[in-house]
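Please read the structure below before turning to the comments.
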Amino acid sequence: MQGLLNGRLFGLVSLIVVLSACGNGDSMESFGGPTMGSTYSIKYVRRAGLPAAADVRVEVEKILADIDRQLSTYRSDSDIERFNDLPANRCQKMPASILKLIRVGEQLSEQSEGSYDLTVEPLLNLWGFGPQGREEKVPAEQALAQARQRVGYQHLRIEGDQLCKDAAVEVDFNSIAAGYAVDTIAARLEALGIHDYLAEATGELKAAGKKLDGSPWRIALEEPRDDQQVAERIVAVDGFGLSTSGDYRNYFEQGGRRYSHTFDARTGAPVSSTLASVTVIHPSALMADGLSTLLLILGPERGWDYAEKHDIGAFFVIRADTGFVTRTSHAFERVTGGKTE
């Protein structure tokens, strides 16, 4: 899936993974590789009777290859790109995975009053961030108005196993594809009898169980800096997915302003606020992925209110005159135990 998530924020860093074997014959297995324009990594405790890393890798890379064929906007033969090429008032049979993601996107769009939207690809291309983007620059008003006519989740509908459009919209799964991949991989690991693991793709991850020495998986949340990686906070994770979205890795500057790759579909423009990044912890990596984008779009105040209203575990990093300040939702403190390491 080369380039599917080109420029994604890699705001989560796994720490302190023990690779030595214990006396009972258990071992820590680890492997990874390229995916989605970035990388993936799997770490798990192999106990007696569990498959070897080479066999697990085959299963994981099959999942990633399937997702590539279905969701990539960087290959013309993917399911979603063939749909994107259709004119208005056409339908196409789709795999269950795509229909599931469309439904999730619709839910997030409705809850954000249209700010979050899976059909922003024309805007991404116009501003230079998408697969067909030519130059990163602020577009002319006329071009922006034309692109906005091709944006809107309400133009999509599902009829049986078909996805239909009543306008020439184009779907981009950037904001949820990696989380979906992680959930799918995690489910496969569980089916293989693997219950102690850390699965990560492009920075989105899910961890369950314990490491080899019995300690929890610890995840570092990055400070939103574009010059180096600095841990802002470290949390223990068991049975949850984590996702971070921010404006500091994929952006351009023009006229003294910063324009990020995250868009508010209602305005047709990149989001602009003091919210530098937001991390969401959720039982589903897919939902954590989508919600972190949604909260970033809403900004520090509306995003906070949304997180509290919907009981979402969220960690906000906000720009201030003196640097950065952090704010955590009540659900985040409850899930993580309110502990900073």
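Going by our numbering, the sequence shown opens with residue 233, and the numbers climb by one from there. Here a beta-carbon is modelled for each residue, glycine too, at the ideal position from N, C-alpha and C.
Own chain residues within Cβ distance below 6 Å of residue i, not counting five before or after
i	result
A413	I299 and A433
G535	L527
Y538	L530
S262	K275
L421	Y429
S344	L526
Cut-off 7 Å between Cβ atoms - residues of its own chain near residue i, not counting five sequence neighbours on either side
i	result
Q324	R314, F315, L318, Q394 and L395
E391	C323
T416	I295
Closest by C-alpha distance to residue i, when choosing among the options
i	options	result
V567	A539, L530 and F472	F472
Y519	V403, D398, L355 and S341	The sequence shown places Met at residue 519, rather than the Tyr named in the question. It is S341 whose Cα lies nearest to the Cα of M519.
S310	M326, E436 and H427	M326
T554	T506, Y538 and A563	T506
K275	A284, Q302 and L331	A284
L474	A297, R380 and I544	I544
G269	G360, A409 and V352	A409
G264	E291, D258 and A501	E291
G257	S504, L444, G531 and R335	L444
A508	A552, H542 and D496	A552
A297	G337, D287, A563 and P266	P266
Y272	A431, Y385 and I426	A431
L375	A501, G569 and K541	The amino acid at residue 375 is misidentified as Leu; the sequence shows Ala. That would be A501, whose Cα lies nearest to the Cα of A375.
Y306	A377, S347, L388 and N406	N406
A320	K397, F556 and S504	K397
V503	K332, R335 and T494	T494
G569	I513, Q386 and R389	I513
E338	F361, E373, Y385 and K369	Y385
Sequence-distant residues of its chain with Cβ nearer than 8 Å to residue i (five each side left out)
i	result
D470	A439, A440, G441, K442, P448 and W449
Q302	S310, D311, I312, P327, S329 and I330
T558	E464, R465, F547, F548, V549 and I550
A227	Outside the modelled stretch of the chain, which goes from 233 to 573, sits residue 227, for which no answer is possible.
G411	E436, G473, S475, S516, A517, L518, M519, A520, D521 and G522
L236	At L236 the pLDDT is 48, less than 50, meaning the model places this residue with poor confidence; the figure from the coordinates comes in the next sentence. The answer, listed in chain order, is M268, G269, D300, L303, S304, T305, Y306, F405, N406 and A409.
P371	L358, W359 and A379
E293	G265
Beta-bridge pairing of residue i - partner residues as DSSP gives them
i	result
Q394	K325 and E391
I513	L474 and G545
G555	A552
S262	K275
P532	Per DSSP, none; premise fails for P532.
P319	Paired residue(s): none; P319 is not in a bridge.
A501	D496
Neighbour flag for residue i against chain D, beta carbons, 7 Å
i	result
S259	Absence of chain D from the displayed structure is noted, only one protein chain being present.
Assumed close pair residue i, residue j - CB separation to whole angstroms, cut-off 8 Å
i	j	result
S477	S524	4 Å
A497	V352	5 Å
R382	V401	6 Å
**Q.** 4 or more residues per run - each alpha helix (DSSP H) lying fully within the region 270–311
**A.** 285–303
Q) Where in the region 420–444 do unbroken runs of the beta strand (DSSP E), each at least 3 residues long, occur, reported from the N-terminal end onward? A) 429–433 and 436–440
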